[in-house]
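Heads up, the thing below is written out as structure tokens.
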Amino acid sequence: MASSPQPTRARIGAGNERELESGALRIQTTTNLRVDVEKLERLGELAGEALLMSRRVGYRLGELHGIRQDLRAMLSQLEGQLPKSHTMALRNLNHRLDACETALREESYQVNVRASQIDDQTRYMRHVPLAQVLSHYPRAVRDLAQSQGKRVRLVDTFGHVEVDRAILSALSEPLLHLVRNAVDHGLEPPAERQAAGKEPEAEIELSAEYVGDSIRVVLSDDGRGIDPQIIRKKAIERGMHTAESAARLSDQEAIALIFENGFSTRDSVNDVSGRGIGMDVVRRQISRVGGFIEIESEVGRGTTFTLHLPVTTAVNSVLVFTLGERQFALTAKDVERVIDVSRDDLRRVHGAVCVPVGERLIPLLDWTSPLGLAERGHPPERFSVLLVRKGARRVTVWIDRVLGEREAISRPLGDFLAGVRLCRGVALTDSGDVVPLLNVVDLMERSEHDSRFDLEQPRRQRSFTAVQGTRALDIRTILVVEDSEVTRTLVTSILRGEGYRVLEADDGHYGLEMLGRHRVDLVLTDIQMPTMDGLQLLQRIRASEDHARLPVVILTTLGEPADKERAMRLGANGYLVKLDFQEKTLLETVRRFL
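Counted the way our numbering counts, the sequence shown spans residues 39 to 632.
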């Protein structure tokens with residue numbers, strides 16, 4: 039007698055089990071799915087771009103509505119001049135256009151709603167618990183405290199706060215640096231604490247909470263605190279302030295000097311934090327993702343650092359404005375308002391020019407110099423300023439023109455311009471523009487010492503218009519060959535700002551076509567591109583009778599000596615590495631070959 043068949047089992051994947059029992063199929067699945075981070079990031083980028091494109095359609099619908107209004111006005115004027123049959127036909131077409139526009143507007147609204155929902159969900163998928171950043175902190179604190187003979191307790195109340203992976207990555211190193219500095223610089227040994235009437239075990243507390251669409255991370259210790267008098271003394275010794283200017287600083291302003299580049303209260307190097315605190319690096323890393331840091335300290339009681347960070351690196355709204363002929367953007371929430379200012383209203387306080395806002399005098403900054411634009415020096419009779427706030431700090435910024443508030447998504451600069459501190463990325467706006475997104479904190483730091491305007495008479499200068507005029511008879515043309523739209527837009531913006539005529543191509547093949555149709559004085563090309571890369575383009579140029587002597591400059595992420603040697607051997611005139619990129623270096627290189 040044959041035995042009864044036994045159940046057959048087959049495992050078909052992690053977390054999934056297919057089971058065949060007595061001819062019945064049963065499938066068990068888990069509710070979790072592992073997804074590669076890069077794929078998730080790419081999905082997030084596509085969702086953001088889809089949302090932006092849907093809003094761009096809305097922007098174009100606004101333009102269409104304006105055209106329709108003009109058409110109605112024209113038809114009204116023509117009614118008495120056309121045969122009745124033509125007038126009726128035009129009215130019928132107009133009604134059909136109205137119906138089509140109304141339907142299109144409704145469908146555009148629905149697409150925008152769905153795109154927003156997809157974007158929100160993909161953003162949420164990229165959120166991770168902030169507590170993940172703490173995984174290795176307890177051991178780091180314990181080891182450092184033991185090496186210095188200190189007793190330290192680390193307390194965290196991060197709870198369920200979640201942030202974008204990019205924010206977590208940007209926060210991890212600065213926050214650990216703050217914790218290590220607290221142990222190394224701020225906390226006392228047990229004997230010193232007991233002598234001051236404190237518990238022998240010091241405490242560092244970390245907490246986080248949502249504040250609107252941002253998060254606030256607070257790190258506090260019960261250590262020595264920071265003495266503003268010591269900070270003032272060190273600032274004078276290092277030439278950062280005169281005795282007179284240091285004396286005018288409030289205690290809060292004096293303590294904030296620890297964020298200045300190169301400032302240190304130590305004269306020796308140790309293994310924990312190098313020469314001094316290095317807080318400028320912490321501030322810079324936080325500011326690059328749109329955050330800022332504040333500090334409060336009381337001698338003998340301790341120090342508190344408060345980090346304000348966005349929940350996500352995406353930007354929903356930016357204010358676009360011009361400086362000279364160039365467009366720039368700021369996150370809209372950083373701008374309180376636009377103010378029309380008369381030069382007669384300006385006041386000078388301790389050498390700095392200020393704008394009266396309400397009952398306060400707010401410093402006036404000019405960002406043209408830090409951004410490498412032509413200096414203006416002398417404000418006109420009337421001009422516009424942006425009232426910009428970052429935390430408790432407010433400044434006014436002299437601008438040329440406000441282009442308006444735009445819906446946008448942000449993109450980091452990545453390898454390209456990674457070392458440029460004044461720009462935290464680019465904003466892709468709903469009107470189709472790619473605009474540099476400025477780093478408010480760094481610009482405040484860089485330009486506050488330049489707020490020395492001549493209020494009496496104009497300074498002699500060569501304006502951008504004047505520079506353009508001197509080249510009017512001989513405008514040089516540069517062909518930029520680059521497959522990255524962000525990189526290509528930034529480079530062309532820099533070159534056009536200097537008065538050059540710029541042609542664009544997104545690969546070597548199209549670059550060759552442009553060379554065949556236009557007179558070009560210099561080619562600036564990437565190497566890694568689809569269809570035809572930069573080295574293939576270089577070889578084709580050198581093999582051409584018409585362009586064999588044309589200057590070609592390489593701008594690439596490939597920084598190895600062998601890469602440069604190969605390009606130079608093929609006939610490149612210059613070689614710039616994106617990781618080391620500086621606007622000044624680019625312009626100097628271009629001028630050398632033109």
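Heads up, the beta-carbon is just placed ideally off N, CA and C, and yes, glycines get one too. In this text, all values refer to a predicted model and were calculated from it rather than measured experimentally.
Selection from Gly537, Val518, Val524, Glu536 that minimises the alpha carbon distance to histidine 556: As a first step, residue 556 must be located in the sequence shown, where it is residue number 518. If we check each option's Cα against that of histidine 556, Val518 comes out closest.
How about phenylalanine 196 and leucine 244: do their beta carbons lie closer than 8 Å? Position 158 of the sequence shown, counted from the start, is the residue given in the question as residue 196. Position 206 of the sequence shown, counted from the start, is the residue given in the question as residue 244. Yes, the Cβ-Cβ distance between phenylalanine 196 and leucine 244 is below 8 Å.
Helix, strand or coil: which one does DSSP assign to tyrosine 248? Working through the sequence shown from its first residue, we reach residue 248 at position 210. Of the three classes helix, strand and coil, the one that applies to tyrosine 248 here is strand, per DSSP.
If you compare alpha carbons, which of Ile331, Ser355, Val327 is closest to threonine 344? Here residue 344 corresponds to residue number 306 of the sequence shown, with the count starting at 1. Measuring from the Cα of threonine 344, the nearest candidate turns out to be Ile331.
At a cut of 8 Å, does the segment 538 to 550 reach the segment 571 to 581 through at least three beta carbon pairs? yes
Simplified DSSP assignment, three categories, for threonine 467: The residue given as residue 467 occupies position 429 in the sequence shown. Here threonine 467 sits in strand by DSSP.
Would you call the CB atoms of leucine 128 and leucine 113 closer than 8 Å? Here the question's residue 128 lines up with position 90 in the sequence shown. Here the question's residue 113 lines up with position 75 in the sequence shown. Contact flag set, yes.
Cβ neighbour criterion (16 or more within 10 Å) applied to valine 387: As a position in the sequence shown, residue 387 is number 349, starting the count at 1. Exposed: under 16 other Cβ atoms inside 10 Å.
Segment contact, 8 Å Cβ cut-off, at least three pairs: the segment 183 to 198 with the segment 227 to 244: yes
Buried/exposed call for methionine 126, threshold 16 Cβ in 10 Å: As a first step, residue 126 is located in the sequence shown; it is residue number 88 there, counting from the start. Label assigned to methionine 126: exposed.
Around the Cβ of lysine 616, are there at least 16 other Cβ atoms within 10 angstroms (buried) or fewer (exposed)? Here residue 616 refers to the residue found at position 578 of the sequence shown. Lysine 616 comes out buried.
Could you tell me the alpha carbon to alpha carbon distance between valine 319 and valine 393, rounded to whole angstroms? Reading the sequence shown from its first residue, position 281 is the one you call residue 319. Reading the sequence shown from its first residue, position 355 is the one you call residue 393. One C-alpha to the other measures close to 31 Å.
Identify whether leucine 384 lies in helix, strand or coil by the three-state DSSP scheme. As a first step, residue 384 is located in the sequence shown; it is residue number 346 there, counting from the start. Residue state, collapsed to three classes: coil.
At the level of alpha carbons, what is the spacing between glutamate 76 and arginine 164? One-based indexing of the sequence shown puts residue 76 at position 38. One-based indexing of the sequence shown puts residue 164 at position 126. Roughly 11 Å separates the two Cα atoms.
Rounding to the nearest angstrom, what Cα-Cα distance links histidine 223 and glutamine 323 in this structure? The sequence position of residue 223 within the sequence shown is 185, counting from 1. The sequence position of residue 323 within the sequence shown is 285, counting from 1. If you take the alpha carbons of histidine 223 and glutamine 323, they lie about 21 Å apart.
On the DSSP bridge assignment, give the partners of histidine 585 in chain order. The count along the sequence shown starts at 1 and reaches residue 585 at position 547. The partner list for histidine 585 (beta bridge, DSSP) is empty, contrary to what the question assumes.
For the beta strand (DSSP E) containing glutamine 365, name the first residue and the last one. One-based indexing of the sequence shown puts residue 365 at position 327. Run containing glutamine 365: 364 to 369, per the beta strand (DSSP E) assignment.
Arginine 80: buried (16+ other C-beta within 10 angstroms of its C-beta) or exposed? Translated into the one-based positions of the sequence shown, residue 80 becomes position 42. That one is exposed.
Run through DSSP, which three-state label would alanine 220 get? For the purposes of this step, residue 220 is identified with residue 182 of the sequence shown, where counting begins at 1. Three-state result, alanine 220: helix.
Going by the DSSP bridge assignment, what does glutamate 542 pair with across the sheet? As a working mapping, residue 542 is identified with position 504 in the sequence shown. Looking at the DSSP assignment, glutamate 542 forms a beta bridge with Val518.
Tell whether a beta-carbon distance below 8 Å holds between aspartate 259 and alanine 220. Locating residue 259 in the sequence shown gives position 221, where the first residue counts as 1. Locating residue 220 in the sequence shown gives position 182, where the first residue counts as 1. Contact flag set, yes.
Quick check: what's the CA-CA separation for arginine 607 versus arginine 462? By 1-based counting over the sequence shown, the position of residue 607 is 569. By 1-based counting over the sequence shown, the position of residue 462 is 424. Rounded to whole angstroms, arginine 607 to arginine 462 spans 36 Å at the Cα level.
I need the boundaries of the beta strand (DSSP E) containing serine 422, first residue and last residue. Position 384 of the sequence shown, counted from the start, is the residue given in the question as residue 422. Note, serine 422: beta strand (DSSP E), 420 to 428.
What is the DSSP secondary structure of threonine 280, counted as helix, strand or coil? If you number the sequence shown from 1, residue 280 lands on position 242. Note: threonine 280 maps to coil in three-state DSSP.
Look at the Cβ atom of threonine 341, then the Cβ atom of glycine 263, and state whether they are nearer than 8 Å. Taking the sequence shown and counting its residues from 1, one reaches residue 341 at position 303. Taking the sequence shown and counting its residues from 1, one reaches residue 263 at position 225. Result yes, Cβ atoms of threonine 341 and glycine 263 sit closer than 8 Å.
Counting C-beta neighbours from all protein chains within 10 Å, is the total for threonine 467 16 or more, i.e. buried, or is it exposed? The residue labelled residue 467 in the question sits at position 429 within the sequence shown. With 16 or more other Cβ atoms within 10 Å, it is buried.
Grab the span of the alpha helix (DSSP H) containing glutamate 139 for me, first residue to last. By 1-based counting over the sequence shown, the position of residue 139 is 101. Here the alpha helix (DSSP H) through glutamate 139 covers 122 to 163.
I want to know whether the segment 361 to 368 touches the segment 264 to 282 - three or more CB-CB distances under 8 Å. no
Starting from glycine 612, follow its DSSP beta bridges and name the residues at the other end. Position 574 of the sequence shown, counted from the start, is the residue given in the question as residue 612. Its beta-bridge partners are Val591.
State the Cα-Cα distance for the pair glutamine 566 and leucine 614, rounded to the nearest angstrom. Position 528 of the sequence shown, counted from the first residue, corresponds to residue 566. Position 576 of the sequence shown, counted from the first residue, corresponds to residue 614. Going by the C-alpha atoms only, they are around 14 Å apart.
Going by beta carbon distance, what residues of the same chain come within less than 7 Å of valine 472, once the five residues before and after it are set aside? Taking the sequence shown and counting its residues from 1, the one referred to as residue 472 is at position 434. Excluding positions up to five away in sequence, the list reads Val464, Leu466, Glu523, Val524, Thr527.
Short of 7 Å in beta carbon distance, which residues of its chain neighbour glutamate 200, apart from the five on each side in sequence? Order them along the chain. As a position in the sequence shown, residue 200 is number 162, starting the count at 1. Hits under 7 Å: His165, Val166, Pro167, Leu168.
Name the two residues that bound the continuous beta strand (DSSP E) containing aspartate 108. In the sequence shown, counting from the first residue as 1, residue 108 sits at position 70. No beta strand (DSSP E) holds aspartate 108; the alpha helix (DSSP H) holding it covers 75 to 116.
Is isoleucine 592 closer than 8 Å to alanine 600 when the C-beta atoms are compared? If you number the sequence shown from 1, residue 600 lands on position 562. If you number the sequence shown from 1, residue 592 lands on position 554. Not closer than 8 Å, so no.
Distance, leucine 357 Cα to valine 373 Cα: Locating residue 373 in the sequence shown gives position 335, counting from the first residue. Locating residue 357 in the sequence shown gives position 319, counting from the first residue. About 8 Å.
Using only the alpha-carbon positions, how far apart do lysine 428 and histidine 346 sit? On the sequence shown, position 390 is the one that residue 428 refers to. On the sequence shown, position 308 is the one that residue 346 refers to. So the alpha carbons of these two residues sit roughly 10 Å apart.
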